[in-house]
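Heads up: the structure comes next, in structure tokens.
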């Protein structure tokens, strides 16, 4: 795995954003899993189960476009092992997308 065995989850509806963010994280040596989020068969929505992707990751970047108040509540209630961060999208000079971390949604303890 990449940096200190770090695994990240990138959550965005738009496949171009998802892939560009994943490539940006992979360039730092991270192992990255992609997810479309709560729009397609998410275990957190609506039943509020545990997410195996979040349990296997150290960090999860959620595109702010997929986040609603009720979904954020479900993410928090799942007590993920990953640090979950609301993230904005920004275009780089080369036209690719890059993640801009906005704020922490979940910061798991120990």
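Residue numbers (the working numbering): 71 to 180.
We treat Cβ as the ideally placed atom computed from N, Cα and C, and that holds for glycine.
Treat the numbers as computed from the prediction; the structure is a model and nothing was measured.
C-alpha distance - residue i paired with residue j, whole-angstrom precision
i           : j           : result
residue 110 : residue 83  : 9 Å
residue 128 : residue 154 : 9 Å
residue 99  : residue 130 : 15 Å
residue 140 : residue 114 : 10 Å
residue 151 : residue 95  : 19 Å
Identified DSSP bridge partners for residue i
i           : result
residue 155 : 131 and 174
residue 160 : 168
Inter-residue CB distance, residue i and residue j (contact presumed, cutoff 8 Å)
i           : j           : result
residue 103 : residue 123 : 6 Å
residue 183 : residue 164 : Lying outside 71 to 180, the shown extent of the chain, residue 183 is not represented and no answer is given.
residue 92  : residue 81  : Not really, about 11 Å apart at Cβ, beyond 8 Å.
residue 101 : residue 135 : Between residue 135 and residue 101 the Cβ distance is about 24 Å, and since that is not below 8 Å, they are no contact.
Exposed unless 16 or more other CB atoms sit within 10 angstroms - verdict on residue i
i           : result
residue 162 : exposed
residue 125 : exposed
residue 71  : A caution first: residue 71 carries a pLDDT of 42, below 50, which makes its placement in the model unreliable, though a value can still be read off. Residue 71 comes out exposed.
residue 119 : exposed
residue 85  : exposed
>> Whether or not the segment 145-154 and the segment 162-172 are in contact is what I'm after, with contact meaning three or more pairs of Cβ atoms, one per stretch, closer than 8 Å; do they touch?
In response: no
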